[in-house]
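Read the structure below first, then the notes.
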Amino acid sequence: MDGLRVGGGRDRDVDLAARRLPVDPAGLGHHRHPVRPVAAWVGATGVSFLVALTGATLAWMVSEGKTHPVGAVVAIVATLVVGSAPVLVRPESLTSSWEADRPTVTVAAVQGDVPGAGNDLVAVHEQVTENHVQATIDLAQQVRYGAVPQPDFVLWPENSTAVDPCRNAQTNSGISRAVTAIGVPVLVGAIVDGPRPDAVLNQGLVWAPDGSTKERYTKRHPVPFGEYVPFRSQLSGLKIGRLDMIPRDMIAGTRIRPLDIAGTRVVDLICFDAAFDDSVAAQVRNGGQMIAVQTSNATFTGTPQLQQQFSISRARAIETGRTVVVASTNGISGVIGPDGAVRDQLTPRTTDIAVAQVPLVEAQTPAVRYGSLIRQVLSLAGVAAVITAAARRRLPRLRRLGGWCARR
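Mapping of the sequence shown onto our numbering: position 67 corresponds to residue 72, and the numbering continues sequentially without gaps.
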């Protein structure tokens, strides 16, 4: 999400409840720690739970350990077992090497860059598109010279075109030139006009050499107040001028199947989608062999958001056991192995291309296969813990008052 002023009409409400925010921040920051293999077993939600449980256990041991020594020993042993078991017993995705004997596909991720200060893509969107067009044409020339291998498909970032390429002749012509030059499909990140004048779509379009765009993925989780305005009709009466920057509301997509790009089943995630379990797991369960992240972080140039976004992609690689290829307009772009290791990373604020031979994975990690069940069990466990804690606090008070019967 690049804070584009592309959002929807003024007299509608958007269902904010249906567009919730992700709730696994602790689970998405584990990629640098020894505990990272746990994510392949229990997912981001499970990692968040284990982090919280470990902290709560340590706090309890400090405050109550001396008076409950047996309980303290049990807590220590349980924490060690739960934390170390997934590290010692790893899924195939984390034990197989990057060079494992499996089918591969060659992917080229294009980072076209944003001119000027780099933080206002809208003001220079035509040049941004042209940057990606020219970079792809240059890539085709390098392929002809034998400097780089011929990619099976090319990945462009989110907002590589900020206007509908199917309706804007100049943009359409530029993309067609690039696709013709490279001779393979290009996954274009495009802002596409919606079914109504007050609506817009954020899509990944598989632009085939024959000019067709039949395969499309629509961003499932638009950003509130960045890509759409919740409760627009109520808020419009408050005369908040900044809401005018989002004149159209972005419609959320529903696709849960991976894209078919030149015979490869590609999980497509557009920026904010990467933070949501449902966007990732559903496409992997439906056969996704690798993950492509299309993102535009230009608005956040100079902030930690760029690294945070890339970190989420690393976490998803571990969780799913799949290679993640990230294309950003001006950073951070790169290639992440199934173990979360960074295989290639482009310098932000530059025009560059990462070409990688990506292993295709069919197997599913426990986190992908049982992720929904894990989230349900942990949610019930959390509710049960709250009820138990409340009951334990209330029972001593009732005893002091003589019990239930004495209070009646």
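For every residue, glycine included, the Cβ atom is placed at its ideal position computed from N, Cα and C. Predicted model only: the values in this text are computed from it and were never measured.
P309 is positioned such that its CB atom lies no closer than 8 Å to that of G336. Counted as a single uninterrupted DSSP element, the alpha helix (DSSP H) harbouring T176 occupies residues 174-187. For D282, the enclosing alpha helix (DSSP H) begins and ends at 282-290.
For I323, the enclosing alpha helix (DSSP H) has its first and last residue at 310-325.
In terms of CA proximity to R107, P364 leads the group A396, P364, L383.
In chain order, V129 place their CB closer than 7 Å to the CB of G121, counting only its own chain and leaving out the 5 sequence neighbours on each side. Between P156 and Q299, the alpha-carbon positions lie close to 17 Å from each other. DSSP places F230 in no alpha helix (DSSP H); its state is neither H nor E.
In the DSSP assignment, I142 falls within the unbroken alpha helix (DSSP H) covering 130-150. Under the three-pair Cβ rule at 8 Å, the stretch 244-262 does not count as touching the stretch 306-324. Closest by C-alpha distance to V110, out of K224, A368, L160, V119, is L160.
With respect to the 8 Å criterion, V193 and P170 are classified as neighbours on the basis of their beta carbons. No Cβ-Cβ contact shorter than 8 Å links G51 with L378. In the assembly as shown, S338 is a buried residue. Its beta-carbon has 16 or more other beta-carbons within 10 Å. The stretch 250-258 makes no contact with the stretch 172-192, as fewer than three CB pairs between them are under 8 Å. By the Cβ neighbour-count rule, K224 is buried, with 16 or more other Cβ atoms within 10 Å of its own. Measuring C-alpha to C-alpha distances from L144 to each of S178, Q116, W46 identifies Q116 as the nearest. For I266, the secondary structure class from DSSP, reduced to helix, strand or coil, is strand. Separation of the CB atoms of P227 and A257 is rounded to 6 Å, and the pair is thereby assigned contact status at 8 Å. DSSP places D169 in the coil class of the three-state scheme, outside both helix and strand. Note on geometry: alpha-carbon atoms of Q288 and A346 lie some 22 Å from one another. Under the 8 Å Cβ criterion, the stretch 322-329 counts as touching the stretch 365-377, having at least three qualifying pairs.
Counting along the chain, the unbroken beta strand (DSSP E) around V211 starts and ends at 204-212. CA-to-CA, the gap between F158 and L126 works out to about 25 Å.
According to the DSSP assignment, F158 belongs to the beta strand (DSSP E) that extends over 158-160. Under DSSP, G339 takes part in a beta bridge, and its partners are V331, Q350.
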